[in-house]
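Residue numbers (our numbering): 86 to 302.
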């Protein structure tokens, strides 16, 4: 699930270019500071430039890897998805239908930041961009699972995020998220805690229950 809702590929490229420009400017300013300043101003200015260059450089590397993945594995776009007792049918925008029999599906993930679906099946993993909110897909999926008596474990989780454009009026009742924290300052071990949260991106996952594999066929 590469793209984020409400952001086009062009926006991702522009943001990548902005980070690269900031990185280049930080290096240029560092050179000017080292060349034309002396004493305390040089030390302070050079330190700030090094910090800016380091942080922007890390972000640039991450964004570059994301762009490479986006080009190497472009997202597949579909115009509709249908569920029945035996299959998931995805109707591609360019034509053709991809069919996933339930017995081949190991996991399905939906997310508030992605209007689409991620499917982990025995013949591969793929995400599909769809022209419908994740809530609509979730409702259709719940109906199909209940109607077909399919054994999937449904879990909801919220991931901390400062992303704009998401629903800020969510009901966090019964919804959990995981985070890691130290047990104590003197005990160098990270432990997994689960708390209720009203912030972040909601994700919904459906995992097949292994003991019920035969009933899918």
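Just so it is clear, CB atoms sit at the ideal spot from N, CA and C, and this is done for glycine as well.
All of these numbers come straight from a predicted model, not from anything done at the bench.
*Drop a sphere of 10 angstroms on the beta-carbon of residue 229, count the other beta-carbons inside from all chains shown, and report buried for 16 or more, exposed for fewer.*
On the chain shown, position 144 is the one that residue 229 refers to. Buried, since its Cβ has 16 or more Cβ neighbours within 10 Å.
*Report the option in 219, 179, 138 and 129 whose CA atom is closest to the CA atom of residue 162.*
Along the chain shown, read from residue 1 onward, the residue named residue 162 stands at position 77. Here the closest residue by C-alpha is 179.
*Which runs of the beta strand (DSSP E) fall wholly inside the stretch 160–218 and span at least 3 residues, in chain order?*
161–168, 172–177, 182–186, 190–196, 199–206 and 209–214
*asked:* So, at 6 Å on beta carbons, what are the nonlocal neighbours of residue 240 in its own chain, with the 5 sequence-adjacent residues on each side left out?
replied: As a working mapping, residue 240 is identified with position 155 in the chain shown. Correct list, in chain order: 290.
*Report the three-state DSSP secondary structure of residue 236 (helix, strand or coil).*
Working through the chain shown from its first residue, we reach residue 236 at position 151. Residue state, collapsed to three classes: coil.
*Take residue 211 as the anchor and find which of 139, 294, 150 and 191 has the nearest alpha-carbon.*
Counted from its first residue, the chain shown places residue 211 at position 126. Here the closest residue by C-alpha is 191.
*For residue 285, is the classification buried or exposed, using 16 other Cβ atoms within 10 angstroms of its Cβ as the cut-off for buried?*
Along the chain shown, one-based indexing puts residue 285 at 200. Residue 285 is buried by the Cβ-count criterion.
*Report yes if the CB atom of residue 195 is closer than 7 Å to the CB atom of residue 219, and no otherwise.*
Taking the chain shown and counting its residues from 1, the one referred to as residue 195 is at position 110. Taking the chain shown and counting its residues from 1, the one referred to as residue 219 is at position 134. Yes, the Cβ-Cβ distance between residue 195 and residue 219 is below 7 Å.
*Near residue 170, what residues of its chain come up, given a Cβ to Cβ distance below 6 Å and the 5 sequence neighbours on each side ignored?*
Position 85 of the chain shown, counted from the first residue, corresponds to residue 170. The residues are 233.
_Among the candidates 112, 208, 96 and 225, whose CA atom is the shortest distance from the CA of residue 151?_
As a first step, residue 151 is located in the chain shown; it is residue number 66 there, counting from the start. Of the candidates 112, 208, 96 and 225, the one whose C-alpha sits nearest the C-alpha of residue 151 is 96.
*One or two residues paired with residue 244 in a DSSP bridge*: Start at 1 with the first residue of the chain shown, and residue 244 comes out as number 159. Residue 244 is bridged to 286.
*asked:* Measuring alpha carbon to alpha carbon, tell me which residue in 101, 130, 138 and 121 is nearest residue 110.
replied: Here residue 110 is taken as the residue at index 25 of the chain shown, counted from 1. Residue 138 is the option with its Cα nearest to residue 110.
_Same chain only: Cβ atoms within 7 Å of residue 104, ignoring 5 sequence neighbours per side_ = Counted from its first residue, the chain shown places residue 104 at position 19. Cβ neighbours of residue 104 beyond the five flanking positions: 141, 144, 145 and 148.
*Go through its chain and collect everything with a Cβ distance to residue 131's Cβ below 7 Å, but skip five positions before and after it.*
Position 46 of the chain shown holds residue 131. Correct list, in chain order: 115, 118 and 119.
*Verify whether the separation of the beta carbon atoms of residue 222 and residue 193 is less than 7 Å.*
Within the chain shown, numbered from 1, the residue matching residue 222 stands at position 137. Within the chain shown, numbered from 1, the residue matching residue 193 stands at position 108. No; because the gap between Cβ atoms is not below 7 Å, this pair is not in contact.
*From residue 168 to residue 198, what distance separates their C-alpha atoms?*
Counting from one through the chain shown, the residue named residue 168 turns up at place 83. Counting from one through the chain shown, the residue named residue 198 turns up at place 113. Rounded to the nearest angstrom, the gap between the Cα atoms of residue 168 and residue 198 is 22 Å.
*Who are the near neighbours of residue 165 in its chain, counting only those whose CB is closer than 6 Å to its CB and skipping five residues on each side?*
Sequence index remark: in the chain shown, residue 165 carries index 80 (1-based). Contacts found: 176.
*Take the Cβ of residue 99 as the centre, count every other Cβ of all protein chains shown within 10 Å, and call the residue buried at 16 or more, exposed below.*
Here residue 99 corresponds to residue number 14 of the chain shown, with the count starting at 1. Classification of residue 99: exposed, given that the 10 Å Cβ count is below 16.
*Could you give the uninterrupted runs of the alpha helix (DSSP H) lying entirely in the stretch 116–163, keeping only those of 4 residues or more?*
As far as the stretch 116–163 is concerned, its whole alpha helix (DSSP H) runs of at least 4 residues are 124–157.
*residue 173 beta carbon less than 7 Å from that of residue 238*: Numbered from 1 along the chain shown, position 153 holds the residue referred to as residue 238. Numbered from 1 along the chain shown, position 88 holds the residue referred to as residue 173. In this structure, residue 173 does not lie closer than 7 Å to residue 238 by Cβ.
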